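**Student:**
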Amino acid sequence: MTLTNRDIADLFERISDLLEIKGEIIHRVLSYRRASESIRDVPRDLRVIAREGGLTDIPGIGKTLAEKIEELLETGKLEFYEKLTAEIPATLVDVMRVTGVGPKKAAMFWKERGITDLASLEKSARSGRLRDLPKMGEKSEANIIAGIEMLSRRTGRTPLGQAYPAAQAMLDALREPAASGRRRNCRQHPARPPDHRRC
12 MTLTNRDIAD LFERISDLLE IKGEIIHRVL SYRRASESIR DVPRDLRVIA REGGLTDIPG
72 IGKTLAEKIE ELLETGKLEF YEKLTAEIPA TLVDVMRVTG VGPKKAAMFW KERGITDLAS
132 LEKSARSGRL RDLPKMGEKS EANIIAGIEM LSRRTGRTPL GQAYPAAQAM LDALREPAAS
192 GRRRNCRQHP ARPPDHRRC
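Here the sequence shown stands for residues 12 to 210, where the numbers follow the working numbering.
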């Protein structure tokens, strides 16, 4: 797969978020974030710029980040990112999209409650598993649920609290006609001896 400028910018932004969750020094976090922003502003294909040896001319891209861009362009992968996501779940970044959840809270939810993504965050919030954590409470928990629902409306994802009852209602509706059909079949043959195994 050929990586675009946007793909690389998105990856660098994700790395900066993961480093922040990990608690890395702010300078390192910001270097990836600045690089991501600079790459988004580059009008030319990074592949062409790399061939010309001009990656370090991009604001915020030094020798180290230029080498990482070259690795991505050549292999489609980045060893540094793979090592980082072996330590921290990559999906933990999605938790930070919820209003009121920053890197410190995301890290706390992961370490204390095993939360790694939006689904597990929602499940924990709805079951009251977050309120006893430091700087949390019932109100904070309710705010997180509201934040998830707001995010779901923007992305078109159905929150777990709505999806499960809807799915259950659908299953019940499917079962009802099947049961009614069996009862009708029994009534259609009044001469047939009762068969308790089927009716």
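Just so it is clear, CB atoms sit at the ideal spot from N, CA and C, and this is done for glycine as well. Since we're looking at a predicted model, the values are computed, not measured.
Helix, strand or coil, according to DSSP, for K88 in the structure here?
**Tutor:** For the purposes of this step, residue 88 is taken as residue 77 along the sequence shown, with counting starting at 1. Looking at K88 - three-state DSSP - the assignment turns out to be coil, as it is neither helix nor strand.
**Student:** For G148, which residues of its own chain have a beta-carbon under 8 Å away from its beta-carbon, when the five flanking residues on both sides are left out?
**Tutor:** Counted from its first residue, the sequence shown places residue 148 at position 137. So the qualifying residues of the chain are R142.
**Student:** When the distance is taken between beta carbons, is T127 closer than 7 Å to P145?
**Tutor:** Position 134 of the sequence shown, counted from the start, is the residue given in the question as residue 145. Position 116 of the sequence shown, counted from the start, is the residue given in the question as residue 127. Result no, Cβ atoms of P145 and T127 do not sit closer than 7 Å.
**Student:** May I ask you to verify whether the region 55–69 touches the region 112–128, counting CB pairs closer than 8 Å and requiring at least 3?
**Tutor:** Flag = no, the region 55–69 and the region 112–128 do not touch.
**Student:** Check for me: the alpha helix (DSSP H) holding A8 runs from which residue to which?
**Tutor:** With the chain running from 12 to 210 in the structure shown, residue 8 is simply not present.
**Student:** Going by DSSP in three states, D105 sits in which element: helix, strand or coil?
**Tutor:** Translated into the one-based positions of the sequence shown, residue 105 becomes position 94. In this structure, D105 counts as helix in the three-state DSSP scheme.
**Student:** Output needed for A20: all residues of its chain with C-beta closer than 7 Å, excluding positions within five of it in sequence on either side, in chain order.
**Tutor:** Against the sequence shown, residue 20 aligns to sequence position 9. The answer, listed in chain order, is S47, I50 and R51.
**Student:** What does the Cβ neighbour count give for A153, buried or exposed, with the cut at 16 atoms within 10 Å?
**Tutor:** Within the sequence shown, numbered from 1, the residue matching residue 153 stands at position 142. Answer is exposed; the Cβ neighbour count stays below 16.
**Student:** Output needed for P204: all residues of its chain with C-beta closer than 7 Å, excluding positions within five of it in sequence on either side, in chain order.
**Tutor:** Taking the first residue of the sequence shown as position 1, residue 204 is located at position 193. Residue confidence is low: P204 scores 48 on pLDDT, short of 50, so the model does not pin down where it sits. Its coordinate-derived value is still stated next. No residues qualify anywhere along the chain.
**Student:** Does DSSP put P145 in a helix, a strand or coil?
**Tutor:** In the sequence shown, counting from the first residue as 1, residue 145 sits at position 134. Correct three-state label for P145: coil.
**Student:** Please state whether the Cβ-Cβ distance between L132 and V104 is less than 7 Å.
**Tutor:** Sequence index remark: in the sequence shown, residue 132 carries index 121 (1-based). Sequence index remark: in the sequence shown, residue 104 carries index 93 (1-based). Cβ distance not < 7 Å, so L132 and V104 don't count as in contact.
**Student:** Give the straight-line distance between the Cα atoms of I155 and R137, rounded to the nearest whole angstrom.
**Tutor:** In the sequence shown, the residue the question calls residue 155 occupies position 144. In the sequence shown, the residue the question calls residue 137 occupies position 126. If you take the alpha carbons of I155 and R137, they lie about 9 Å apart.
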